[in-house]
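In the working numbering, the protein residues as written are 40 to 218. We put the CB at the ideal spot given by N, CA and C, even for glycine. Contents: one structure, followed by commentary.
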């Protein structure tokens, strides 16, 4: 995967202290990762980049909306997204990103690329089950919802019949009532 230049931060030229970076994310960003789950996206990622003498601290915050299809009705809707992530960058002998909250860069490195962290921050904020808000509050009119309602199991009323039952079952039913 090719690294996008706009997500590479050359930290060598930065002074120590806190620096702010802002990124506007749309579908072209996700096309780079070959991720096509979103119909559209309008996200903003704010990065607080704290440069210290021996390490870097990155605090990502993503807010915005992504347009996705409902898992029940397949109706598109805007899903609000909000997520945060904290990353510490230290320097060592070799590159190591095994720990999700710690990145080790080799000594002499002068820049860090954050595109993968932004991608994961947004994708992991999406719930597994995406339900249209109109389904939850009952205001969405949809043919699919009507069909689901028609096919859903109805409550069956138990008719009290005077059929004779096996006395062993009656004893077992008494155990449930004796709690």
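{"Asked": "Taking the C-alpha atoms as reference points, what is the distance between residue 205 and residue 167?", "Found": "47 Å"}
{"Asked": "Taking the straight line between their C-alpha atoms, what separation do you get for residue 171 and residue 108?", "Found": "8 Å"}
{"Asked": "What are the uninterrupted segments assigned as alpha helix (DSSP H) that are 4 or more residues long and contained completely in the segment 96-170, given in chain order?", "Found": "154-162"}
{"Asked": "For the beta strand (DSSP E) containing residue 90, list its first residue and its last residue.", "Found": "79-90"}
{"Asked": "Should residue 163 and residue 138 be called a contact, given that it needs their Cβ atoms to be closer than 8 Å?", "Found": "no"}
{"Asked": "Determine, using beta carbons only, whether residue 104 and residue 83 come nearer to each other than 8 Å.", "Found": "no"}
{"Asked": "Buried or exposed: which applies to residue 128, given that a residue is buried once 16 or more other Cβ atoms fall within 10 Å of its Cβ?", "Found": "buried"}
{"Asked": "Could you tell me how far apart the beta carbons of residue 152 and residue 47 are, in whole angstroms, since I believe they sit closer than 8 Å?", "Found": "5 Å"}
{"Asked": "Measure the C-alpha to C-alpha separation of residue 75 and residue 214 and round it to an integer number of angstroms.", "Found": "56 Å"}
{"Asked": "So, helix, strand or coil for residue 67, using DSSP?", "Found": "helix"}
{"Asked": "Should residue 158 and residue 99 be called a contact, given that it needs their Cβ atoms to be closer than 8 Å?", "Found": "no"}
{"Asked": "From residue 49 to residue 115, what distance separates their C-alpha atoms?", "Found": "39 Å"}
{"Asked": "Count the other CB atoms within 10 Å of the CB of residue 59; is the residue buried (16 or more) or exposed (fewer)?", "Found": "exposed"}
{"Asked": "Sorted by chain position, which residues of the same chain lie with C-beta nearer than 8 Å to residue 131's C-beta, five sequence neighbours on each side aside?", "Found": "143, 144, 145 and 146"}
{"Asked": "Sort 212, 119, 148 and 51 by Cα distance to residue 133 and report the nearest one.", "Found": "148"}
{"Asked": "Check whether the Cβ atoms of residue 79 and residue 106 sit closer than 8 Å, and answer yes or no.", "Found": "yes"}
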